[in-house]
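If you count by this note's numbering, then the sequence shown holds residues 4 to 311, one letter each, in order.
Glycine is no exception: its CB is placed at the ideal position from the N, C-alpha and C atoms.
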Amino acid sequence: MLELRHLRTLQAIDDAGSLVEAAERLHVTQSALSHQLKDLEHRLGLELIVRRTRPVRFTTAGSRLLALARQILPLVKKTETELKRLSAGDSGRLHIAIECHSCFQWLMPALDRFREDWPEVELDLSAAFGFEPLTALTRGDLDMVVTSDPVDDPVVCYLPLFRYELVLAVARDSEWAARRFIEPGALAEQTLITYPVERERLDVFTAFLDPAGVAPGSVRTAELTPMMVQLVAAGRGVAALPNWALTEYLDLGLVKSVRLGEEGVWRTLYAAVRQGDQTVPFIQDFMETAEALCFKNLSGIRRVNLSA
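In structure tokens:
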């Protein structure tokens, strides 16, 4: 009567808080998820969730099954990982470089989980801000590069992690704080605070300002996201950051966020690997772990529509 897919569905509904977001996490349509849930309720003769509440509220029966899912699914995942290790060997190397300063927020927990599951894989992490990481990847010095700037190369395969919106952090008392969005020209007389990397690697330039032929009034750099937020809060400039990286600062009321353009600037974060390595079991497992943790812990991100 019960299948693993049912338990995964209930867990996704609880994690997401709604059927719409749960369907997105499970890569199914909302109608398909609703049908699956109704079918399970029909089999059991019990309602499992209270409809039309947000977040979704579970009935007593639903809560019992959710507790089972929380107990069983981690064991299933652990066993699947062990079987992968047995089938392919459990040793190897995963040297990762990141082109995203704020990626440490989700990457470190994913690496901690990966170390537990694959203790024999040699793991290394570096920041790809002082060298060309994709060249190092194709040369074999690296095994994965986390980037939002894919480059056409027959040797490289880009595995999507998630989509995120680039937003502008502004001071709470700024005249822009109440705006829904701003156009590129508004930054022509502003100080733009960025990470200390080439502008070719900054989405605010490549995806927003450069296409409009606009340059900011001045540019100031800061090494860390908290430093950038403090400068913005003090009225020393504005900063374009991923929506999920700003969540905690918005919750604390330190700054406000404004959309870049009426439609917003959406980017995709990828894990780039060499062609063929995408089928390596421990790389597949790392991607699954990273994706699951990102959608559990980060706000405002979306899954990549691979059929688009």
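Task: Strand pairing of M147, partner residues [DSSP] - done: I99
- [ ] Give me whichever residues DSSP pairs with F165 in a beta bridge.
- [x] L272
Task: CB-CB length for L68 against L40, believed under 8 Å - done: The Cβ separation is near 11 Å, so there is no contact.
Task: Distance between T141 and V307 (C-alpha atoms, nearest Å) - done: 25 Å
Task: Whole-number beta carbon distance between P219 and A1, since they are thought to touch under 8 Å - done: For the chain, the structure presents residues 4 to 311; residue 1 sits outside this window and is missing.
Task: A215 in three-state terms, based on DSSP - done: helix
TODO: Would you check if the distance between the CB atom of V241 and the CB atom of Q193 is smaller than 8 Å?
DONE: yes
Task: Cβ-based burial, A231 [other Cβ within 10 Å; buried from 16] - done: One point to set straight first is that residue 231 is Met, not Ala, in the sequence displayed. Looking at its Cβ environment, which holds 16 or more other Cβ atoms inside 10 Å, M231 is buried.
Open item on the list: Please classify A311 as buried or exposed, where buried requires at least 16 other C-beta atoms within 10 Å of its C-beta.
Closed with: The predicted position of A311 is uncertain, since its pLDDT is 48 and thus under 50; a value taken from the coordinates is nonetheless stated next. It counts as exposed.
Open item on the list: Spatial neighbours of S260 within its chain, please: C-beta separation below 8 Å, excluding the five flanking residues on both sides.
Closed with: V170, L171, A172, V173, N246, L249 and L253
TODO: Just list the beta strand (DSSP E) runs in the region 12 to 72, keeping only unbroken ones of 3 residues or longer that don't cross its boundaries, in chain order.
DONE: none
Open item on the list: Between the alpha carbons of S177 and R46, how many angstroms are there, rounded?
Closed with: 56 Å
TODO: Can you tell me which of the three DSSP states A311 falls into?
DONE: Because A311 sits at a pLDDT of 48, beneath the cut-off of 50, its placement in the model cannot be relied upon, and the point is left open.
Task: Distance between G65 and H9 (C-alpha atoms, nearest Å) - done: 11 Å
Task: Validate contact between the region 285 to 302 and the region 197 to 205 using beta carbons, cut 8 Å, 3 pairs - done: no
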